[in-house]
Every structure is written in structure tokens, then in C-alpha cells.
């Protein structure tokens, strides 16, 4: 579990990292499958990041070769085993010598570059964190990390034209259904509005479902690996419709655990796409599918 206060205990020293704004800065909840949710402080735009590193010695003086702080060892993890740092900045907190007493170090990274949002997925992760490293004699090392979150609105997408989505499902002389959605770009708190029109119905339909699918694509040695996650499964209809019937659809996205779509990232190690998936099930259990990609973005 992550914490808003980084702390590591070693036989020779304790390191803690406290970010400024613990009580005033916005926090976001991070949800990862198989783990308890945790909160991180949020940074955006050209925010500075600052705080205090507290070094507490245990028993005796420490001879150090280097005491430094890395900001933004931003990691992209894929395949659950591999990770790559694609950006890093360092500050020396203390020169070579002997640390005689407990000591606190203030730090400031002004207007650091924020290329991409924090992202925690099933197969990929973008992680921002501070790392304090004490390099001691004989290659001994003490480290502590402190995570934080970056959120980046994307107003450019709001300026793009929003297109109506029209989908058709048909079986010759048996079934003709038309789906329509008001647009193909949605912000995280948006509402998906549409309708289903039954133009021809000669088979018995038992259920109709609307799903929102998140698809992560990671690349390992140039080979794509796709992971699909159903974020919501919404029943549109239960029972057989009549010819000419129109069923309205309204789904509020604020209740769905959505992230922005990443069709192109500056790092290009992975992509995140979202799809509307429509499923029809007849009384014999046969399933009919129709899928359409949508774009999800963070509104300013």
C-alpha cells in the first residue's frame, strides 16, 4: 500500500519524505486490482513539487559517499516484470562526508515536466515518485520512495469535432437494429446518451447489454499484447421488443472507473483505448455483438 508520507527504516538510518500541502492539496484515489485503494497528492500543469527529507541516524555517525534525491523516476511497467525509467531529475542533498546528526533537507523541483498522467492498469503503469538515496561506503545503499499523482486535462480534445455514432446489427430477413449515440468523445464525468431502434424483429431477443471495455495494449519486443477489462455491464432491455420500438439509453460515466484514452503516448510503450460493446442474446442463447471505439478525456 502506498502512503502520503514516505518512510523507510534501516539498521543505520531512517528516511522519511513529506511533501508540502498534505492538508491543502487535492488527493486522488488510486485503485489497482487485487490491492486496497490508496490516496496520492495530485500535481498538474506547471505545479512545483516541494517538501522535506528527514534523515534520522540510529546509534552512530554515517560516512556517506552521496546523498541525493531523484525526482520523477517515472516508470512504465509492462508484462508485470519489466520497467523503464523515461524521465529522471536529480538533486544532491549533501556532499561526500560524515553525517554527524539527524538532519532535515528542504527540496524544491520547480515546474517539472509532466508528459503523461499517472496511470495504474492491469498490464501497464505510469508511476511518478521521489526517491532519496544514501550511497555509503563499500557499495551499501539506503533508499526511500514517495509516490505522487499527476493529472493532466486535455482541452485540445474538446475542440475536436464530435461525431454521431451509428451502428447496425442485422440478420437477413430476421433482424435489423440500429444503435445511435450522440457523440464519440466523452469526458470522465460525461453522460452517454443514445437510443436503440428495432426496425425488423423476427427472432426472440431475451436480453440486450451495453458494456464499456478498456483495452490496454503493451508492446514487448515489438509484439502487441492486449488486455480487455469490462468496466461496466449495463442491461438495456430484458424481454422481446416489437418492430418499431425505440429504447433510450442514458449512462452516467461518473460512476464508471474510467481513465483517459491513450492512443498515442510520448513514450509509446502502451496504449489505452475504450470501446462501447453492444450484445444481443436470443432465446437460444446466441450472441450478437457490435463494437465501436470512443475517446475518453479529462476535461479542464
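Numbering (this note's numbering), first residue to last: 2 to 301.
All C-beta atoms in this analysis are idealised placements derived from N, C-alpha and C, irrespective of residue type, glycine included.
Please say whether residue j and residue i have beta carbons closer to each other than 8 Å?
i	j	result
residue 236	residue 208	yes
residue 252	residue 190	no
residue 163	residue 228	no
residue 244	residue 201	yes
residue 193	residue 250	yes
residue 210	residue 276	no
residue 44	residue 149	yes
residue 247	residue 198	yes
residue 279	residue 291	yes
residue 305	residue 114	Any question about residue 305 goes unanswered here, given that the chain covers just 2 to 301.
residue 300	residue 159	yes
residue 29	residue 40	yes
residue 133	residue 289	no
Where does the unbroken beta strand (DSSP E) through residue i begin, and where does it stop?
i	result
residue 154	Counting along the chain, residue 154 falls outside any beta strand (DSSP E), and DSSP gives it neither H nor E.
residue 171	166-172
residue 238	224-239
residue 212	206-221
residue 29	28-31
residue 245	No beta strand (DSSP E) contains residue 245, which DSSP labels as neither H nor E.
residue 122	Segment: none, residue 122 is in no beta strand (DSSP E) and carries neither H nor E.
residue 163	Element bounds for residue 163: n/a, residue is neither H nor E.
residue 283	271-283
Do you know whose CA, among the options, lies nearest residue i's CA?
i	options	result
residue 21	131, 145, 123	131
residue 263	183, 143, 224, 153	153
residue 256	239, 242, 213, 222	213
residue 31	23, 199, 104, 120	120
residue 296	248, 220, 166, 178	166
residue 196	183, 204, 114	183
residue 219	274, 279, 118, 293	274
residue 34	126, 179, 46	126
residue 281	179, 40, 259	179
residue 155	46, 143, 222	46
residue 116	106, 128, 105	128
residue 172	13, 205, 157, 143	205
residue 240	221, 225, 222, 284	284
residue 13	224, 135, 157	135
Tell me residue i's beta-bridge partners as DSSP assigns them.
i	result
residue 20	52
residue 296	186
residue 41	29
residue 34	The partner list for residue 34 (beta bridge, DSSP) is empty, contrary to what the question assumes.
residue 252	193
residue 178	170, 199
residue 106	54
Less than 8 Å between CB atoms is the rule here; does residue i satisfy it with respect to chain D?
i	result
residue 290	This model lacks chain D altogether, as it is built from one protein chain only.
Problem set entry | Cβ pair count under 8 Å reaching 3, the region 15-22 against the region 48-61 | Result yes; three or more Cβ-Cβ pairs closer than 8 Å.
Exercise. Are at least three pairs of beta-carbons, each pair with one atom in the region 185-203 and one in the region 217-231, less than 8 Å apart?
Worked result: no
Exercise. Three or more beta-carbon pairs under 8 Å between the region 101-110 and the region 45-54, yes or no?
Worked result: yes
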